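A.B. asks: Just passing along the structure, written as structure tokens.
There are 2 protein chains.
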Amino acid sequence: MGRAEFEAKNIHRLFAQRILMLRTDRGWSQEVLAELAGLHRNYIGHVERDEINVGIENIFKLAIAFEMSIGELLTFDNQGEG
Amino acid sequence: MGRAEFEAKNIHRLFAQRILMLRTDRGWSQEVLAELAGLHRNYIGHVERDEINVGIENIFKLAIAFEMSIGELLTFDNQGEG
């Protein structure tokens with residue numbers, strides 16, 4: 352349980368970093384990503400600052416905005432490290 | 352936006368079906384899955400009956416229980432249909 356608990360905390364940060372990286376790689380403002388995903392701009396800020404436990408529905412909307420499958424969006428290079 | 356909204360609703364049901372299928376394929380009770388994921392048995396029931404917007408942290412705990420990456424867990428055969 353220790354490892355699962357530890358990594359479950361990390362998944363938030365990994366996801367926040369992933370969204371920030373994908374967005375800035377494309378040269379999009381938070382407003383552009385929000386528009387494409389059908390979410391509020393402030394919500395994107397919360398996600399990128401790791402202030403929120405994002406639900407599957409909004410993860411899916413973000414995947415659509417990036418034109419990725421939800422599986423691709425949630426594939427982290429460093430998943431499983433440590 | 353219509354399509355994204357429509358599919359965002361579907362993602363709940365796809366996820367519910369995926370968890371139910373993976374659990375029953377392994378012959379696990381809800382209690383066994385709950386134990387492995389560090390979640391409450393009632394929570395597993397809510398997920399499988401599509402009554403809850405599962406957050407990324409609990410998605411990750413479920414992935415660990417099934418010994419899958421979160422990306423694998425969220426790869427649906429019928430994603431993108433329609």
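Chains as they are written, first to last, in our numbering: chain A, 352 to 433; chain B, 352 to 433. Quick reminder that beta carbons are idealized off the backbone N, C-alpha and C, glycines included. Here the structure is a predicted model, which is why all the values come from computation and not from measurement.
(1) Just checking: is the beta-carbon of N393 of chain B within a distance shorter than 9 Å of some beta-carbon in chain A?
(2) Could you name the residues that DSSP lists as bridge partners for G406 of chain B?
(3) Are the C-beta of E418 of chain A and some C-beta of chain B separated by less than 9 Å?
(4) My understanding is that I370 of chain A touches F366 of chain B, with C-beta atoms under 8 Å, so please give their C-beta distance in whole angstroms.
(5) How about the stretch 377-388 of chain A and the stretch 407-417 of chain A: do they share at least three Cβ pairs that are nearer than 8 Å?
(6) List, in chain order, every chain B residue whose beta-carbon is nearer than 7 Å to that of L425 of chain A.
(7) Pick out whichever of B:E423, B:N404, B:N409 and B:T426 has its Cα sitting closest to the Cα of H363 of chain B.
(8) At least one CB of chain B closer than 9 Å to the CB of A385 of chain A: is that the case?
C.D. replies: Let me lay it out:
(1) As a first step, residue 393 of chain B must be located in the second sequence, where it is residue number 42. Not an interface residue.
(2) Position 55 of the second sequence holds residue 406 of chain B. The partner list for G406 of chain B (beta bridge, DSSP) reads A:G406.
(3) Here residue 418 of chain A refers to the residue found at position 67 when the first sequence is read from its first residue. For E418 of chain A, the answer is no, since every Cβ of chain B falls outside 9 Å of its Cβ.
(4) Counting from one through the first sequence, the residue named residue 370 of chain A turns up at place 19. Counting from one through the second sequence, the residue named residue 366 of chain B turns up at place 15. In fact, because the Cβ distance is near 20 Å, the residues do not count as touching under 8 Å.
(5) yes
(6) Taking the first residue of the first sequence as position 1, residue 425 of chain A is located at position 74. The answer, in chain order, is I421, G422 and L425.
(7) Along the second sequence, read from residue 1 onward, the residue named residue 363 of chain B stands at position 12. Minimum Cα distance to H363 of chain B is reached at B:N404.
(8) By one-based count along the first sequence, residue 385 of chain A stands at place 34. Not an interface residue.
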